[in-house]
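Just so we're aligned: 969 in the numbering used here is position 168 of the sequence shown, and the numbers increase by one with no gaps anywhere.
All C-beta atoms in this analysis are idealised placements derived from N, C-alpha and C, irrespective of residue type, glycine included.
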Amino acid sequence: MNPVNPYLDIAPEVAEALAAGKPVVALESTIISHGMPWPQNAQTALKVEQLIRGEGATPATIAVIGGRLKAGCSREEIEYLGRQGHAVAKASRRDLPVLVARGADGACTVTTTMMIAHMAGIRVFATGGIGGVHRGAETTMDISADLEELAQTPVMVICAGAKSILDLGLTLEYLETKGVPVLGYGTDELPAFYTRTSGFRVDYRVDTPEELAAAFRAQRAMGLKTGMLVTNPIPAQYSMDKAVIDAAIDAAVAEAKTLGIHGKETTPFLLAKIKDLTGGDSLDSNIQLVFNNARLAARTAAALCR
Ligand code: PSU
Ligand code: MN
802 MNPVNPYLDI
812 APEVAEALAA
822 GKPVVALEST
832 IISHGMPWPQ
842 NAQTALKVEQ
852 LIRGEGATPA
862 TIAVIGGRLK
872 AGCSREEIEY
882 LGRQGHAVAK
892 ASRRDLPVLV
902 ARGADGACTV
912 TTTMMIAHMA
922 GIRVFATGGI
932 GGVHRGAETT
942 MDISADLEEL
952 AQTPVMVICA
962 GAKSILDLGL
972 TLEYLETKGV
982 PVLGYGTDEL
992 PAFYTRTSGF
1002 RVDYRVDTPE
1012 ELAAAFRAQR
1022 AMGLKTGMLV
1032 TNPIPAQYSM
1042 DKAVIDAAID
1052 AAVAEAKTLG
1062 IHGKETTPFL
1072 LAKIKDLTGG
1082 DSLDSNIQLV
1092 FNNARLAART
1102 AAALCR
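Spelled out as structure tokens, the structure:
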């Protein structure tokens, strides 16, 4: 049992790496249970771990299993999360108390992955896309808890920007209000997940893992408790046609509205719909951008350890 947090299990390999000052990269599990279909979900998650190891870092896939907060999952646990799919609860900040008390399972979103990574002492986290301010939030008030977590938990999140199921402009405004630095890796523009551009500028362009590490170190040394958002554009060869993806997103958003989808169901509904509408293309792009983010995260975690 962890003396600091009785519900936290840090995998032995992860604990050893942290104790030795070696690089560790956190990974989320909502992308496994809710973001991709079986078996591509588990295959991708395992490949991402392998890729991080190939860069000399230790992966820590984060999930709630049997009421335990896992900082590091085994192959069997990753396959379990993939096979169970939507049967595993999507776990955001407010879900943790009841899931833990009941000894239940939870797939961790960006929010809970940041929380558990921070509890374990992991500083860098790689994912695909973050949640944000939804289109129409001026009336629905649908703003992802991910933005609040970025405002209060000092973990660096490396993503490919956000999908335009969100209002990207309002998402950037919110992050500005909350004091969260938004960095573009090799770009001045916020990437839009499937495409490299969005028409919105980021705060700063950063070109190397060393620069990312230096900014994060400075933020921590000043005692700032905010997270840091790194947006890494999808590699050009995997980016999608903007017109195709925009049409799919518009149709998905319209259908969600007609069906009255709301609350925590909104994002999974939209993601699944977009996948259906674009066939395998969007899934392939999704997988490739996660690989790309994992590589950058491993290199940045290594730079932070130097
Ligand atoms: N956006 C994506 N892919 C995802 C998610 C969001 O492009 O897989 C998942 C992440 O786990 C994110 C969560 O943290 O959805 C946000 O859900 P909500 O919008 O309900 O806060
Ligand atoms: Mn929401």
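Buried/exposed call for residue i, threshold 16 Cβ in 10 Å
| i | result |
| --- | --- |
| Glu-939 | exposed |
| Glu-800 | The first residue shown for the chain is 802 and the last is 1107, placing residue 800 beyond what the model contains. |
| Ala-1044 | exposed |
| Gly-855 | exposed |
| Val-805 | exposed |
| Thr-1059 | exposed |
| Gly-980 | exposed |
| His-835 | buried |
| Thr-862 | buried |
| Arg-1018 | exposed |
| Val-1054 | buried |
| His-887 | exposed |
| Arg-997 | buried |
| Glu-878 | buried |
| Asp-896 | buried |
| Val-899 | exposed |
| Ala-963 | buried |
| Arg-1100 | buried |
| Asp-906 | buried |
| Gly-867 | exposed |
| Gly-933 | buried |
| Ala-818 | buried |
| Asp-968 | buried |
Three-state secondary structure (DSSP) of residue i
| i | result |
| --- | --- |
| Cys-874 | coil |
| Tyr-975 | helix |
| Phe-926 | strand |
| Leu-967 | strand |
| His-935 | strand |
| Val-1007 | strand |
| Arg-997 | coil |
| Val-901 | helix |
| Gly-822 | coil |
| Ile-1035 | coil |
| Ala-1112 | Any property of residue 1112 remains undetermined from this structure, which presents the chain solely from 802 to 1107. |
| Gly-883 | helix |
| Gly-962 | strand |
Contact belief for residue i with residue j at Cβ below 8 Å, rounded distance in angstroms
| i | j | result |
| --- | --- | --- |
| Gln-986 | Leu-1097 | As written in the sequence, residue 986 is Tyr, which differs from the Gln given in the question. Correct: roughly 6 Å between the Cβ atoms. |
| Cys-909 | Ser-830 | 5 Å |
| Ala-1102 | Val-826 | 5 Å |
| Ser-872 | Leu-809 | The question names Ser, but residue 872 in the sequence shown is Ala. Confirmed, Cβ separation roughly 7 Å. |
| Ala-793 | Asn-1094 | There is simply no residue 793 to check, as the chain begins at 802 and stops at 1107 in what is shown. |
| Val-849 | Val-1091 | 6 Å |
| Ser-965 | Ala-921 | About 33 Å; that fails the 8 Å criterion. |
| Ala-1104 | Pro-1010 | 4 Å |
| Pro-982 | Ala-1016 | 7 Å |
Unbroken alpha helix (DSSP H) run spanning residue i, endpoints
| i | result |
| --- | --- |
| Gly-1081 | 1081 to 1106 |
| Lys-1174 | Outside the displayed range of the chain (802 to 1107) lies residue 1174, so it cannot be described from this structure. |
| Pro-992 | Premise fails: Pro-992 is in no alpha helix (DSSP H) and is neither H nor E. |
| Ile-1046 | 1043 to 1060 |
| Ala-946 | 946 to 953 |
| Gly-855 | 841 to 855 |
| Ile-917 | 911 to 921 |
Enclosing beta strand (DSSP E) for residue i [first to last residue]
| i | result |
| --- | --- |
| Leu-984 | 983 to 986 |
| Pro-860 | 859 to 866 |
| Val-1031 | 1029 to 1032 |
| Asp-810 | 809 to 811 |
| Ala-827 | 825 to 828 |
Cβ of residue i within 8 Å of any chain B Cβ
| i | result |
| --- | --- |
| Asp-1082 | Absent from the structure is chain B; it holds one protein chain and no more. |
When the Cβ atoms of the region 948 to 958 are set against those of the region 1021 to 1039, are three or more pairs found closer than 8 Å? yes
Three or more C-beta pairs under 8 Å: does that hold for the region 909 to 926 against the region 943 to 950? Touching, yes, given that three or more Cβ pairs across the two stretches are closer than 8 Å.
If we count Cβ pairs, one from each stretch, closer than 8 Å, do we get three or more for the region 1077 to 1084 versus the region 928 to 938? no
Pair every Cβ in the region 994 to 1004 with every Cβ in the region 1056 to 1071, then say whether three or more of these pairs are closer than 8 Å. no
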